[in-house]
Amino acid sequence: PQDDDNDDTEYSKAQAALFQRHATMADWPADHNWVIAKIDIQDVWLIDFFGGATIIDPETYFAANPYNNNMEEDDDKEEMGKL
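Position one of the sequence shown corresponds to residue 1086 (our numbering), numbered consecutively onward.
See the structure below:
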């Protein structure tokens, strides 16, 4: 069962965030039937150049560090003129 109060609050927050980022959308015609939707991600397909896709669960995907794990080491090399 869905909690309508929670859905209304979530929708209001999503709409406010959308209009904050894209202010002109607030003035778009209502008769165009624009909708704000929530995406329920079940899994992520990671496709590299070779081989098939690797299927990753959302928790693993969003927990990943998008930065190089050796950034401090690379910074040290750059400071020493080795990069």
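Virtual Cβ for every residue (Gly too), placed ideally from N, Cα, C.
Bridge pairing for tryptophan 1130: Ile1140 [DSSP]. The criterion of a C-beta distance shorter than 7 Å is not satisfied by tyrosine 1152 and valine 1129. At the C-beta level, proline 1114 and isoleucine 1126 stay beyond 7 Å of one another.
Out of Phe1134, Gly1136, Ile1132 and Phe1104, the CA that lies nearest to the CA of isoleucine 1121 is found in Phe1104.
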